[in-house]
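Enquirer: Protein sequence lines correspond, in order, to chains A and B. For what it's worth, the numbering used here labels the leading residue of the first sequence as 103, then goes sequentially. For what it's worth, the numbering used here labels the leading residue of the second sequence as 103, then goes sequentially. Encoded as structure tokens, here's the structure I'll be asking about.
2 protein chains.
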Amino acid sequence: MPRGSGKVNLVDVARQAGVSLATASRVLNGSTRSVGAELRERVRQAAAKLDYSPSAPAQAMARGGTDVVGLVVPDISDPYFSTIAASIVRNAEPHGLIITLASTERRFEREAEYVASLRSQQARGIVLVGSRTTNEEQLEALRAELEAYTTAGGRAAAIGQHKLPADTVIVENRSGARALAEELVALGYRRFAVLAGPADLLTARDRLVGFREGLRRHGVEVAARDVINGEFTRDGGYEAASELLERGREPECVFAVNDVMAVGALSAFRDRGVRLPDELAVAGFDDIASLRDVWPSLTTVRIPLERLGEQALGFLLDEPAERSRTRRFRGEVVVRASTPPLR
Amino acid sequence: MPRGSGKVNLVDVARQAGVSLATASRVLNGSTRSVGAELRERVRQAAAKLDYSPSAPAQAMARGGTDVVGLVVPDISDPYFSTIAASIVRNAEPHGLIITLASTERRFEREAEYVASLRSQQARGIVLVGSRTTNEEQLEALRAELEAYTTAGGRAAAIGQHKLPADTVIVENRSGARALAEELVALGYRRFAVLAGPADLLTARDRLVGFREGLRRHGVEVAARDVINGEFTRDGGYEAASELLERGREPECVFAVNDVMAVGALSAFRDRGVRLPDELAVAGFDDIASLRDVWPSLTTVRIPLERLGEQALGFLLDEPAERSRTRRFRGEVVVRASTPPLR
DNA sequence: AGCTCTTTGGAAAACGCTTTCCTAATTGCT
DNA sequence: AGCAATTAGGAAAGCGTTTTCCAAAGAGCT
């Protein structure tokens with residue numbers, strides 16, 4: 103039942119309770135200093151009666167810091183990132199942290215802007231979720247901002263992005279893709295095509311490299327014209343798959359470097375009348391939960407997405423280390439219906 | 103290239119530029135008051151040289167407000183909500199708004215807490231994305247918080263939640279479900295089952311009600327035992343579908359009140375050996391983009407999710423109205439492969 | 001040349017807290 | 001009973017901005 107009159111501040115509460123500002127503050131923020139039971143009660147009552155709500159900005163000023171953690175992702179509507187975001191939000195809540203969300207729409211240059219904004223907000227920490235990496239100039243700008251942020255006392259963690267001045271959480275894309283490749287070879291596949299995502303995306307590149315490594319161990323190669331770049335999205339997958347068919351290539355198995363692209367490819371193939379999975383096998387990467395119901399169910403590499411976010415937040419909450427830390431997570435190959443044993 | 107020494111504030115900038123604090127402030131925040139070209143330049147240089155970053159909390163205090171907009175959703179990893187979130191983030195950015203994200207994990211009582219937190223943060227606006235509605239007590243608590251928030255000058259908008267003291271964006275669930283039902287009848291279906299989501303969720307209930315209305319127009323009923331409640335999630339759909347089969351019911355078509363449940367049901371049916379879509383048709387609701395690639399592709403009702411977020415934000419940015427406004431969006435039936443004409 | 005208007009710059013108040021520094025009062029000793 | 005040590009409350013100094021209020025200087029008149 104709110105009292106409707108203007109803003110109520112601590113002074114009002116103190117006056118109402120008949121105590122000093124200092125006492126009111128001490129009662130309300132559970133400070134170390136003790137306050138007599140009687141006054142404590144009076145203050146509590148007054149605050150309740152006036153429906154007092156402390157001003158977070160004022161507290162931030164006085165305390166010299168906030169409980170804000172900034173989360174910067176390339177695209178919050180992509181299930182890969184929204185899963186990570188969910189785990190971060192979930193884990194942040196019990197610590198009383200407030201999450202600020204920025205979605206860069208996969209425009210890398212905005213990451214630096216957001217970091218700057220977060221510094222201005224006096225955010226306590228930043229979690230940066232992986233993005234492009236090849237443009238050295240932009241990367242340098244980002245590094246500079248991060249540096250400025252951390253020297254100002256902020257904590258930074260990155261997911262899937264090496265070489266940043268921050269604690270980082272890494273997915274072992276390369277070894278995961280390697281293992282997947284070997285599994286596919288074991289299933290009998292020899293002729294592969296890869297929907298490789300953007301050429302300048304580290305994650306995508308690592309997966310391609312690992313995949314080729316795995317094949318090569320068994321003497322299998324994938325020609326350059328069987329590798330198609332495209333956006334790291336569902337539509338990117340659809341288009342790359344269409345392009346593949348148009349080139350007249352006839353692989354036995356298509357590896358899309360992430361699940362989102364893989365399901366796009368599934369539709370593309372189906373739209374062209376390809377009978378899945380018998381005529382063509384498809385594999386993905388990530389094991390996105392909300393995509394587990396597609397048919398044929400995707401063979402993929404499971405990444406512990408929730409743990410990624412958890413760990414990144416853990417870094418922020420830990421004591422700062424002198425050198426930046428790295429935590430690696432492995433993927434696990436999951437074989438499903440989209441890649442039946444060949445023949 | 104950050105300067106590494108402690109925090110730099112406006113006073114430092116002013117001193118470096120040899121001007122007063124007031125002048126520095128005026129230059130840096132593009133105030134109305136004009137400042138001579140020479141001083142302006144000196145201040146700019148000083149700020150750049152010191153890598154000055156204004157303190158957002160201090161600005162909030164002095165200005166008496168922030169550029170924060172709070173977004174409260176039931177579950178950010180659900181594509182329905184992450185799509186809305188994405189549209190809000192995207193539209194907020196050009197206005198210089200900062201989005202704070204709270205995910206209640208579908209625990210309704212936390213909405214009120216988050217609103218309280220947002221009031222404390224002096225957030226400029228709140229977008230509350232639909233949740234339960236039947237517990238009058240909790241609803242009252244939420245109303246009280248919202249009331250307190252708005253009388254303190256904040257703006258509130260709700261999506262899919264009526265009867266809140268806020269501008270609201272409504273999806274016409276009922277008419278959408280009605281149209282879907284009629285379409286299904288036209289395709290020849292007569293025996294239906296419904297995976298109805300949680301009984302206390304308004305959205306779910308409206309869809310069920312509308313669906314029945316549509317059927318009734320053609321003299322078709324769906325018995326109570328063919329309506330199965332469950333969680334509004336993928337697993338909820340899977341379980342409800344399993345339950346349906348265990349009951350030995352043999353509908354011709356199953357309507358899941360949202361797509362996420364529908365794809366869960368798809369898997370459940372497939373796991374039990376039901377041949378889709380010929381043996382059993384399935385329809386959903388929402389037309390979630392990332393689920394468009396499932397097979398059989400879902401017949402569903404398309405909701406303009408992006409527009410929902412856009413409109414909610416629009417309400418926040420508009421001049422406040424004396425009475426709270428409502429904007430309704432209609433859904434559009436989309437028939438796909440999961441409901442082939444019967445026979 | 002003597003006025004009154006504009007500009008332009010600075011001093012200082014205000015925003016709402018937290019926390020240090022005092023002071024008064026109580027407690028625990030001897 | 002007298003003193004040190006502890007406890008509880010208040011006054012006031014920040015925290016980093018924005019913005020009002022003044023004053024000085026220059027511009028435009030007659």
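Glycine included, C-beta positions come from ideal geometry on N, C-alpha and C.
Once the 5 residues before and after A:M103 are set aside, which same chain residues still bring their CB inside 7 Å of it?
Expert: Residue placement at A:M103 is flagged as unreliable, the pLDDT there being 35, under the threshold of 50; the coordinate-derived value follows with that caveat. Cβ within range, chain order: n/a, list empty.
Enquirer: Beta-carbon of B:T401 versus every beta-carbon of chain A: anything under 9 Å?
Expert: no
Enquirer: Who are the Cβ neighbours of A:R212 in its own chain at under 7 Å, not counting the five residues just before and after it?
Expert: T206
Enquirer: Alpha carbon to alpha carbon, what distance is there between A:L141 and A:S119?
Expert: Sequence inspection shows Ala at residue 119 of chain A; the Ser mentioned does not correspond to that position. Pairing A:A119 with A:L141, the inter-Cα distance amounts to about 8 Å.
Enquirer: For B:N111, name the three-state secondary structure that DSSP assigns.
Expert: coil
Enquirer: Can you find a CB in chain B that lies within less than 9 Å of the CB of A:L185?
Expert: A small fix is needed here, since residue 185 of chain A is Thr in this sequence, not Leu. Closer than 9 Å: yes.
Enquirer: For A:R257, verify whether its CB is less than 8 Å away from any heavy atom of the ligand FMN.
Expert: This structure simply doesn't include the ligand FMN, nor any ligand for that matter.
Enquirer: In the structure shown, what three-state DSSP assignment does A:F371 receive?
Expert: helix
Enquirer: Which residue's Cα is closest to the Cα of B:A288: B:R307, B:V322, B:L304, B:A301?
Expert: B:V322
Enquirer: Out of curiosity, what's the CA-to-CA distance linking A:A160 and B:P159?
Expert: 7 Å
Enquirer: Where do the ends of the beta strand (DSSP E) carrying B:N360 lie?
Expert: Premise fails: B:N360 is in no beta strand (DSSP E) and is neither H nor E.
Enquirer: Would A:I272 count as contacting chain B if we go by Cβ distances under 9 Å?
Expert: no
Enquirer: Mind checking who A:L173 pairs with in its DSSP beta bridge?
Expert: A:L203, A:V229
Enquirer: Give the residues of chain A in contact with B:R221, contact being defined as C-beta atoms less than 7 Å apart.
Expert: The contacting residues are S155.
Enquirer: Looking at chain A, is there any beta carbon in it that lies within less than 9 Å of the beta carbon of B:V362?
Expert: True, the Cβ-Cβ gap to chain A drops below 9 Å.
Enquirer: Using a cut-off of 7 Å between C-beta atoms, extract the partners of B:S179 located in chain A.
Expert: S184, T185, A188
Enquirer: Closer than 9 Å, CB to CB, is B:P406 near chain A or not?
Expert: no
Enquirer: Grouping DSSP H, G and I as helix and E and B as strand, with all else coil, what is B:F210?
Expert: Collapsing the DSSP output to three states places B:F210 in coil.
Enquirer: Mind checking if A:E392 is an interface residue toward chain B, Cβ cutoff 9 Å exclusive?
Expert: It is Ser, not Glu, that sits at residue 392 of chain A in the sequence shown. Cβ-Cβ to chain B under 9 Å: yes for A:S392.
Enquirer: Could you name the residues of the same chain whose beta carbon sits closer than 7 Å to that of A:T305, not counting the 5 residues immediately before and after it, in chain order?
Expert: G232, G262, N275.
Enquirer: With a threshold of 8 Å, are at least 3 pairs of Cβ atoms found where one atom belongs to the segment 380-393 of chain A and the other to the segment 190-203 of chain A?
Expert: no
Enquirer: B:R105 to B:Y154, Cα distance in whole Å?
Expert: Any reading at B:R105 must be qualified, since the residue scores a pLDDT of 39, below 50, and its modelled position is unreliable; the value itself is stated next. Cα-Cα distance, rounded: 9 Å.
Enquirer: Between B:E333 and B:T185, what straight-line distance do the alpha-carbon atoms span, to the nearest angstrom?
Expert: Near 20 Å, if we compare the C-alpha coordinates of B:T185 and B:E333.
Enquirer: Let me know the secondary structure DSSP gives A:I272 once reduced to three states.
Expert: strand
Enquirer: Between B:R377 and chain A, is there a C-beta pair that is closer than 9 Å?
Expert: no
Enquirer: Answer with yes or no whether the minimum CB distance from B:E341 to chain A is below 9 Å.
Expert: With 9 Å as the cut-off, B:E341 does not count as an interface residue toward chain A.
Enquirer: Determine whether the beta carbon atoms of B:P181 and A:P398 lie at a separation below 9 Å.
Expert: no
Enquirer: Within 9 Å of any Cβ in chain B, is that where the Cβ of A:G232 sits?
Expert: no
Enquirer: Anything in chain A within Cβ reach of B:R319, meaning under 9 Å, just list it in chain order.
Expert: Within 9 Å Cβ-Cβ: nothing; B:R319 doesn't reach chain A, min ~32 Å.
Enquirer: By Cβ distance below 6 Å, which residues in the same chain neighbour A:A126 in space, the five residues on each side in sequence not counted?
Expert: L112, V115, A116, V145
Enquirer: Hey, A:I200 and B:A187 are a contact pair by Cβ (cut 8 Å); roughly how many whole angstroms apart?
Expert: Wrong, their Cβ atoms sit about 16 Å apart, outside the cutoff.
Enquirer: If I follow the unbroken alpha helix (DSSP H) through B:N193, where does it start and stop?
Expert: 181-194
Enquirer: Is there a C-beta anywhere in chain A that falls below 9 Å from the one on B:K151?
Expert: With 9 Å as the cut-off, B:K151 does not count as an interface residue toward chain A.
Enquirer: Quick check for students: name the residue ranges of the alpha helix (DSSP H) that lie wholly in the segment 305-362 of chain B, counting only runs of 4 or more.
Expert: 336-348
Enquirer: Which of the residues in the segment 327-338 of chain B, read from start to end, lie with their CB under 8 Å from any CB of chain A?
Expert: R336
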